[in-house]
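**Student:** Quick note: the sequence shown uses this note's numbering, first residue 390, plus one each step. Using N, Cα and C, we set each Cβ at its ideal position, and we do this for glycine too.
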Amino acid sequence: MSESRGFVTVATGSEKYYKLAYNLCLSYKQRGKGEYPFALICDKETEYSSIFDEVIIVQDKDVRKSTIDKLLMRYSPYEKSIFIETDILILDSIDDLWNTFENEDDVSAFGCKLPLDSQKGWFTYEGSGKYKSQIHYLISMNGGIYCFKKSKRASRVFDKAIELIDEYSTFDFKYFNQPTDEPLMAMSMVLNECAPCDVAYEMIILPACKDKVTTDYRGNVYEGQELSKAKIIHFSSPRTNLFLYNYLNSLNFNNKKSRLNYLFTKIKYMPKDLNFDLKHNAGAFLRKIGLSELVEKLK
Numbered sequence: 390m391s392e393s394r395g396f397v398t399v400a401t402g403s404e405k406y407y408k409l410a411y412n413l414c415l416s417y418k419q420r421g422k423g424e425y426p427f428a429l430i431c432d433k434e435t436e437y438s439s440i441f442d443e444v445i446i447v448q449d450k451d452v453r454k455s456t457i458d459k460l461l462m463r464y465s466p467y468e469k470s471i472f473i474e475t476d477i478l479i480l481d482s483i484d485d486l487w488n489t490f491e492n493e494d495d496v497s498a499f500g501c502k503l504p505l506d507s508q509k510g511w512f513t514y515e516g517s518g519k520y521k522s523q524i525h526y527l528i529s530m531n532g533g534i535y536c537f538k539k540s541k542r543a544s545r546v547f548d549k550a551i552e553l554i555d556e557y558s559t560f561d562f563k564y565f566n567q568p569t570d571e572p573l574m575a576m577s578m579v580l581n582e583c584a585p586c587d588v589a590y591e592m593i594i595l596p597a598c599k600d601k602v603t604t605d606y607r608g609n610v611y612e613g614q615e616l617s618k619a620k621i622i623h624f625s626s627p628r629t630n631l632f633l634y635n636y637l638n639s640l641n642f643n644n645k646k647s648r649l650n651y652l653f654t655k656i657k658y659m660p661k662d663l664n665f666d667l668k669h670n671a672g673a674f675l676r677k678i679g680l681s682e683l684v685e686k687l688k
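1) Measuring CA to CA, which of 401, 445, 434 and 588 is closest to residue 530?
2) Over what stretch of residues does the beta strand (DSSP E) that includes residue 469 continue unbroken?
3) Express the C-alpha separation of residue 394 and residue 426 in angstroms, rounding to a whole number.
4) What's the call for residue 623, buried or exposed, on a 16-neighbour Cβ count within 10 Å?
5) Please work out which residues of its chain come closer than 8 Å, Cβ to Cβ, to residue 503, disregarding the five sequence neighbours upstream and downstream, and give them in chain order.
6) Which value, in whole angstroms, describes the spacing of the CA atoms of residue 560 and residue 491?
7) Given this structure, state the Cα-to-Cα distance separating residue 579 from residue 568, to the nearest angstrom.
8) Measure the C-alpha to C-alpha separation of residue 482 and residue 415 and round it to an integer number of angstroms.
9) In three-state DSSP terms, what is residue 502?
10) With the cut-off set at 8 Å, would you say residue 410 and residue 489 are in Cβ contact?
11) Please state whether the Cβ-Cβ distance between residue 512 and residue 586 is less than 8 Å.
12) I'd like to confirm the pairing. Which residues does DSSP put opposite residue 496 in its beta bridges?
13) Can you tell me which of 398, 631 and 430 puts its alpha carbon nearest to the alpha carbon of residue 473?
14) Roughly how many whole angstroms lie between the Cα atoms of residue 407 and residue 432?
15) In its own chain, which residues sit with a C-beta less than 7 Å from the C-beta of residue 626, not counting the 5 before and 5 after it?
16) Given this structure, state the Cα-to-Cα distance separating residue 594 from residue 444, to the nearest angstrom.
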């Protein structure tokens, strides 16, 4: 008998996270046209949980805080799971993720192994405290997607990550002063000899430090990356308030990529940005018909 497989996400606490989870699942079913079940692990049922194929309610007080609640993914009902964070939207089919992670360790994520002297990982070798003798490499990874199995080694990874919460301040974890899942999982994966998946997947990650992401009416991203080439776009949670998230999410309900749909969403979420869009799209149109010199004169 083949192992059960499915996608899973986690939402606890505020209704906002349940709504994001709903949008994620809808984008998988609508734009991703997914064939696998999608489960929600949460602390209560809401109007937004009904879209999921399975709802697992967990009352785990140790990991229900929003910064570490992703560790609840361990309660997935499937033998092999792909966790997707709620601040992600699916733009195309991602069922090929199963092939991407097919030969990876019991717990994996997109990233790479780093040498011990690297400063790019989620923690430093010199700051790994009592575990220093057990650290043989460092990890850089994105915690938006994890693939894991129901296995003894995977259980050890989650157990150790939870154990590290109380010791968080004793290690040189980077980027976050309070416990959060990426550094906890990175150290635990190293201690349990699990490596990230060093594969370039069609994913756009929008860093939280930038204030604005501009698009044209087709939803293309203009910060050196084109949305049309991506299957996944990963927002940070605060960025889900931006126009781009709401525009892309609106396409789950209205699959016609119309200019009116774009403009109505822009007016609702970012009316002050319309002047920029007018100039940007006018310039794009002029370049398309071969009038680039006129664009330069208009700047």
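**Tutor:** Short version:
1) With distances taken between Cα atoms, residue 530 lies closest to 588.
2) Per DSSP, residue 469 is one residue of the beta strand (DSSP E) stretching across 469-473.
3) So the two alpha carbons sit approximately 8 Å from each other.
4) A residue is called buried once 16 or more other Cβ atoms fall within 10 Å of its Cβ, and residue 623 is buried on that count.
5) Contacts found: 509, 510, 526, 527, 528 and 529.
6) Straight-line Cα distance between these residues: approximately 32 Å.
7) C-alpha separation (whole angstroms): 17 Å.
8) Approximately 13 Å between the Cα atoms of the pair.
9) DSSP places residue 502 in strand when its eight states are reduced to three.
10) At the C-beta level, residue 410 and residue 489 stay beyond 8 Å of one another.
11) Taking the C-beta atoms as reference points, residue 586 is found no nearer than 8 Å to residue 512.
12) Paired residues: 537.
13) Closest by alpha carbon: 398.
14) C-alpha separation (whole angstroms): 10 Å.
15) Cβ neighbours of residue 626 beyond the five flanking positions: 476.
16) Taking the straight line joining both Cα atoms gives about 28 Å.
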